[in-house]
Every structure is written in C-alpha cells, then in structure tokens.
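Comments concern the structure below.
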Amino acid sequence: MSETQRPTERGAEQCGTFETIDGDLVLYDRENAKAWIQASYAIDFEDVRATGPAE
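Shown next as structure tokens:
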C-alpha cells in the first residue's frame, strides 16, 4: 500500500489548469512537465453533494 500525501498550501499553487480548443480540461503540475491529466468530461462535485449519488 502506498502512502497518501496530504495537500499543502504549496500543493494548490503547484497545480495549474487550462482548457484546450476542443473543450478538454488539462490539469498539470507546474514543477513536473510529465505529470498531467487531460479529460473531456468533468463532474461538478457541488451538484453531486446537493443531489446525492445516482441510483
């Protein structure tokens, strides 16, 4: 089992995001160019908390 690291104040500043011309969201690490995630679908967790999980 791997150790989970807690986010730090610096951690929030270390991440960046941008939207591609196709509408995909890219989340990246500003200090590690090899660490990024690109997604074409996102969930608004505020909506999920308000309505509860789907059945």
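In this text, residue positions in the sequence shown follow the working numbering: the first is 1291, and each later residue adds one. Beta carbons are placed, not taken as given, at the ideal position from N, Cα and C, and that holds for glycine. As the structure is a prediction and not an experimental result, all values here were calculated from the model.
Could you check what DSSP says for residue i in three-state terms: helix, strand or coil?
i     : result
E1336 : helix
T1307 : strand
With which residues is residue i paired in a DSSP beta bridge?
i     : result
Q1328 : V1316
Return the Cβ separation of residue i and residue j in integer angstroms, given the expectation that the two are a contact with Cβ distance under 8 Å.
i     : j     : result
L1315 : E1309 : 6 Å
query = Is the region 1310 to 1323 touching the region 1333 to 1342, taking contact as three or more C-beta pairs under 8 Å?
reply = Fewer than three Cβ pairs drawn from the region 1310 to 1323 and the region 1333 to 1342 lie within less than 8 Å of each other, which leaves the two stretches out of contact.
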